[in-house]
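Numbered by mature numbering (1 follows the signal peptide of the UniProt record, and there is no 0), the letters in the sequence shown go through residues -19 to -1, 1 to 100 in order. Heads up, the beta-carbon is just placed ideally off N, CA and C, and yes, glycines get one too.
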Amino acid sequence: MKVKKINVKRMLAILAIVAAIHSKGFTYNIQENALQTEGYAVALSATQDSFDSEGLLNVVEYAIKHNIQCIGGWLDKKTGNFYFDATVIVKNKIEAIALGRANKQIGIFNLNTQQEIRL
């Protein structure tokens, strides 16, 4: 697949709108400019604990630099922070679980069923 050049400023604006609309959480494919609706979403530890506009900028820059197709966002109800992660989409559940554990995640997300899988 050909990787297209992404305008960081434009992507930040798009993701801010997506986060406002999908306030409980989302997975957005920055290459296709669309919500990702299939596969298992696995956050990468390199962008863990990223929130607010500065955190989102770091995640977008990381995703572009490392050719990561998706960015996920989710609301932590305990803190009220909206977190952002560079996110890998995996088709196979076993592989997704292994990648999640390798990235020290507490869970992965099945986009097909909209269910979290705790690790």
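- Assignment of residue 18 by DSSP, reduced to helix, strand and coil, places it in the coil class.
- With contact defined as three or more Cβ pairs closer than 8 Å, the region 74 to 86 and the region 40 to 55 are not in contact.
- Checking the DSSP bridge columns, you'll see residue 99 partnered with 88.
- Annotation: the continuous beta strand (DSSP E) that includes residue 67 extends over 63 to 71.
- Taking a contact as a CB-CB distance under 8 Å, the pair residue 84 and residue 23 counts as one, their CB atoms being some 7 Å apart.
- In the DSSP assignment, residue 52 falls within the beta strand (DSSP E) that extends over 51 to 56.
- Under the DSSP definition of a beta bridge, residue 9 partners with 16, 52.
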